[in-house]
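Each remark here refers to the structure printed beneath this line.
2 protein chains.
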Amino acid sequence: MNISLIGAGRVATHLATALHAQNIQIQHVFSRNIDHAQHLAQQVDAIALENISQLTQAELLLIAVSDAQIAVVAKQLAGMNYTGLVAHTSGSTHLQVLQMENLRSGVFYPLQSFSFDQPIDWENTPFFLEAVQPADLEQLDQLANTLSKRIYHYDSEQRLSLHLAAVFASNFSNYCYDIAEQILQQHQVDQHLIFPLILQTAQKMQTNSAQQNQTGPARRHDQNIIDLHLDMLKLHPEWQDIYALLSHAIKHRHAKA
Amino acid sequence: MNISLIGAGRVATHLATALHAQNIQIQHVFSRNIDHAQHLAQQVDAIALENISQLTQAELLLIAVSDAQIAVVAKQLAGMNYTGLVAHTSGSTHLQVLQMENLRSGVFYPLQSFSFDQPIDWENTPFFLEAVQPADLEQLDQLANTLSKRIYHYDSEQRLSLHLAAVFASNFSNYCYDIAEQILQQHQVDQHLIFPLILQTAQKMQTNSAQQNQTGPARRHDQNIIDLHLDMLKLHPEWQDIYALLSHAIKHRHAKA
């Protein structure tokens, strides 16, 4: 199978280098930023393109650009009469965005949080595949299988709900860590002290539901501590709002014993 | 050193049995519930008291009761003219609560999540010690040293900020997991799918700050996705409010590139 790529950001880079390591041929890399395209192309023995119209037909064209750009790229491909299989890699973009342009449409979405400097545990990364044609779905299956054994065929609505859930479970929990770190910093308290607690809270998900694992002053309806904490946050109205809203929601979720 | 204890709950039980195992003498155990006091006293060769006024002077009196009860107990001790060193074991109670009653005041706080049925890894449990008199702090130091080598001298404000940070880092992140699980349930999507992401997000804290690790639509200022998600949450106004508030805060924290 040979593949071309549109995009040279985090997702494109991690996917391309992982596929390259599996001896999958990467043919072309196009990015609006030619420097980025060249930087990635060098890593995976591919050719960097300056113009999207230079793309020749690959067996699969992966679109790994920002969500907002997917529709733009799809329109450009339609204008070029691109006839190969085109799959975007987004958790939060409907298959329809490609279908609307009458492309041979698919989705190749790895559920992962990609940073430039962190290695990816591909084997444990779930892939969500979708395609209009059964043969195209099979082709995406084959490719995903080279990286992971955890392959799912979910429709766009399910995939979008998964992405929404991931925003809560990963992005928002990370932002809660961020506030915690800032609070400790401001009081000259060693930030490493909360790491075991963070890890333990995450690990508990393996055995019980988050609802069962919930602890803390809001869970206990301990209004004295909640009020003390809100007072401690009075110089940070934004954190105070977050504390109040989340505590209210937790109290609502866990009726008083 | 001989010690007496007020309280017979989870913290009191774990502390008393651990100290007893280190050949520290436990003299008296008082609890409002005499059955609980007797149950604990038996385990540590101590005498259970029916009335707090029966307490004789120990070298150290540990108060391991609920946060709200600490002030009540302090008032009772003051009324008895108790003159020994009195330390509470709470992360979220100021030293002043004891000082106000003119007690020889201290804090002996182990940062741990105590369950009745889980053994405690004392060696890796950080202890936070505080006392008005240097000699008292030294005495608390000696005692904590029998259980752990991770001893911190933080003042009440620092200790309270650690507890506040833990609410964000553990309780609130867990509630974000809870919302995520509910979203997946509603769309018949396998809930196990987000566990690797949750674990990885937590593990990343070991190498980078949460600020550096932040990803997601709000981090990218991707308003299309944010609006799509808010629309998907329209039947859950509480989750919608949380999504909007946290996304706004993340955008604010990470200025547009």
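Protein sequence lines, in the order shown, are assigned to chains A and B.
Residue 226 in the numbering used here sits at position 226 of the first sequence, with consecutive numbering throughout.
Convert by adding 1000 to the 1-based position in the second sequence; the result is the number in the numbering used here.
We put the beta carbon where it would ideally sit given N, CA and C, even for glycine.
Among the options, nearest to residue i - alpha-carbon criterion
{"i": "B:Asn1023", "options": "B:Ala1078, B:Ala1037, B:Ala1008 and B:Asn1002", "result": "B:Asn1002"}
{"i": "A:Asn145", "options": "A:Ala165, A:Cys176 and A:Phe108", "result": "A:Phe108"}
{"i": "A:Thr13", "options": "A:Gly84, A:Phe114, A:Arg220 and A:Leu164", "result": "A:Phe114"}
{"i": "B:Tyr1177", "options": "A:Ser66, A:Asp121, A:Leu246 and A:Leu147", "result": "A:Leu246"}
{"i": "B:Asp1190", "options": "A:Val44, A:Phe172, A:Ala58 and A:Ala166", "result": "A:Ala166"}
{"i": "B:Ala1078", "options": "B:Arg1219, B:Leu1233, B:Leu1164 and B:Glu1101", "result": "B:Glu1101"}
{"i": "B:His1236", "options": "B:Ile1183, B:Ser1148, B:Asp1121 and B:Ala1046", "result": "B:Ile1183"}
{"i": "A:Ser148", "options": "A:Leu15, A:Ser4, A:Ile6 and A:Gly7", "result": "A:Leu15"}
{"i": "A:Arg159", "options": "B:Met1205, B:Gln1186, B:Ser1161 and B:Ala1058", "result": "B:Gln1186"}
{"i": "A:Ser4", "options": "A:Asn33, A:Glu59 and A:Val11", "result": "A:Glu59"}
{"i": "A:His254", "options": "B:Ala1210, B:Leu1230, B:Asn1171 and B:Gln1200", "result": "B:Asn1171"}
{"i": "A:Leu162", "options": "A:Pro110, A:Leu197, A:Asn174 and A:Gln206", "result": "A:Pro110"}
{"i": "A:Ile226", "options": "B:Ala1046, B:Val1072, B:Asp1035 and B:Thr1093", "result": "B:Thr1093"}
{"i": "B:Asn1033", "options": "B:Gln1054, B:Leu1019, B:Ala1021 and B:Gly1007", "result": "B:Gly1007"}
{"i": "A:His229", "options": "B:Leu1164, B:Pro1134 and B:Ala1135", "result": "B:Leu1164"}
{"i": "B:Leu949", "options": "A:Leu197, A:Met205, A:His192 and A:Pro196", "result": "Coverage of chain B is limited to positions 1001 through 1257, which leaves residue 949 of chain B absent and any answer about it impossible."}
{"i": "B:Phe976", "options": "B:Val1011, B:Leu1019 and B:Asp1231", "result": "Nothing in the structure corresponds to residue 976 of chain B, since chain B is present only between 1001 and 1257."}
{"i": "A:Gln57", "options": "A:Gln118, A:Gly84 and A:Gln133", "result": "A:Gly84"}
{"i": "A:Asp222", "options": "B:Ala1021, B:Leu1055 and B:Ala1068", "result": "B:Ala1068"}
{"i": "B:Ser1173", "options": "B:Ala1202, B:His1248 and B:Val1072", "result": "B:Ala1202"}
{"i": "B:Asn1208", "options": "A:Glu50, A:His192, A:Gln133 and A:Asp231", "result": "A:His192"}
Run of the alpha helix (DSSP H) containing residue i, from where it starts to where it stops
{"i": "A:Arg253", "result": "Pro237 to Arg253"}
{"i": "A:Ala202", "result": "Phe195 to Gln203"}
{"i": "A:Leu55", "result": "Counting along the chain, A:Leu55 falls outside any alpha helix (DSSP H), and DSSP gives it neither H nor E."}
{"i": "A:Ile47", "result": "Segment Ile47 to Leu49 is the beta strand (DSSP E) holding A:Ile47; no alpha helix (DSSP H) there."}
{"i": "A:Gln185", "result": "Ser173 to Gln186"}
{"i": "B:Asp1035", "result": "Ile1034 to Gln1043"}
{"i": "B:Leu1228", "result": "Gln1223 to Met1232"}
{"i": "A:His163", "result": "Ser156 to Ala166"}
{"i": "A:Gln211", "result": "Ala210 to Asn213"}
Contacting residues, own chain, Cβ-Cβ under 8 Å from residue i (five flanking each side not counted)
{"i": "A:Tyr152", "result": "Pro126, Phe127, Phe128 and Leu129"}
{"i": "A:Leu137", "result": "Gly106, Leu129, Glu130, Ala131 and His153"}
{"i": "B:Leu1103", "result": "Ala1074, Leu1077, Ala1078, Tyr1082 and Val1086"}
{"i": "A:Ile261", "result": "With chain A represented from 1 up to 257, any question about residue 261 of chain A goes unanswered, as that position is not in the structure."}
{"i": "A:Ser66", "result": "Gly9"}
{"i": "B:Ile1250", "result": "Gln1214, Gly1216, Ala1218 and Arg1219"}
{"i": "A:Asn124", "result": "Ser148 and Arg150"}
{"i": "A:Gln142", "result": "Met1"}
{"i": "A:Ala210", "result": "none"}
Close Cβ partners of residue i (< 6 Å) along its chain, the five nearest in sequence each way excluded
{"i": "A:Ala48", "result": "Val29, Ala37, Gln38 and Ala41"}
{"i": "B:Ile1194", "result": "Ala1180"}
{"i": "B:Arg1150", "result": "Pro1126"}
{"i": "A:Leu19", "result": "none"}
{"i": "A:Ile52", "result": "Phe30 and Gln76"}
The beta strand (DSSP E) enclosing residue i, as first and last residue numbers
{"i": "B:Val1097", "result": "Segment Gln1096 to Gln1099 is the alpha helix (DSSP H) holding B:Val1097; no beta strand (DSSP E) there."}
{"i": "A:Asn2", "result": "Asn2 to Ile6"}
{"i": "B:His1153", "result": "Ile1151 to His1153"}
{"i": "A:Val11", "result": "First-last for A:Val11: Arg10 to Ala21, but that is the alpha helix (DSSP H), not the beta strand (DSSP E)."}
{"i": "A:Gln27", "result": "Gln25 to Phe30"}
Contacts around residue i, its chain only, beta-carbon distance under 7 Å, and the 5 residues preceding and following it disregarded
{"i": "B:Thr1017", "result": "Gln1043 and Val1044"}
{"i": "A:Leu233", "result": "Trp239, Gln240 and Tyr243"}
{"i": "A:Leu140", "result": "Ala87, Gly106, Phe108, Leu129 and Ala131"}
{"i": "A:Leu95", "result": "Ser105, Val107, Glu130 and Ser156"}
{"i": "A:Leu98", "result": "Ala74, Val86, His88 and Ser105"}
{"i": "A:Ala46", "result": "Ile26, Gln27, His28 and Val29"}
{"i": "B:Ile1070", "result": "Ile1063, His1088, Ser1090, Thr1093 and Val1097"}
{"i": "A:Gln112", "result": "Ile120 and Thr125"}
What residues in the segment 1200–1214 of chain B bring their beta carbon closer than 9 Å to a beta carbon of chain A?
-> Gln1200, Thr1201, Ala1202, Gln1203, Lys1204, Met1205, Gln1206, Thr1207, Asn1208, Ser1209, Ala1210, Gln1211, Gln1212, Asn1213 and Gln1214
For the segment 1223–1239 of chain B, which residues have a beta carbon sitting closer than 7 Å to at least one beta carbon of chain A?
-> Asn1224, Ile1225, Leu1228, His1229, Met1232 and Glu1238
Write down every uninterrupted run of the alpha helix (DSSP H) in the segment 74–137 of chain A whose length is 4 residues or greater and which is fully enclosed by it, in chain order.
-> 96–99
Taking any Cβ of chain A, which residues in the segment 1146–1164 of chain B have a Cβ under 7 Å from it, in chain order?
-> Tyr1154, Glu1157, Gln1158, Leu1160, Ser1161, Leu1162 and Leu1164
Output, in sequence order along the chain, the residues in the segment 1169–1191 of chain B whose CB is closer than 9 Å to any CB in chain A.
-> Ala1169, Ser1170, Asn1171, Phe1172, Ser1173, Asn1174, Tyr1175, Cys1176, Tyr1177, Asp1178, Ile1179, Ala1180, Glu1181, Gln1182, Ile1183, Leu1184, Gln1186, His1187, Gln1188, Val1189, Asp1190 and Gln1191
For the segment 1061–1081 of chain B, which residues have a beta carbon sitting closer than 7 Å to at least one beta carbon of chain A?
-> Asp1067 and Ala1068
Chain-ordered residues of the segment 1104–1138 of chain B with a beta carbon less than 8 Å from chain A = Leu1111, Ser1113, Asn1124 and Pro1126
Of all the residues that make up the segment 34–65 of chain A, which are near chain B by a beta-carbon distance shorter than 9 Å?
-> none
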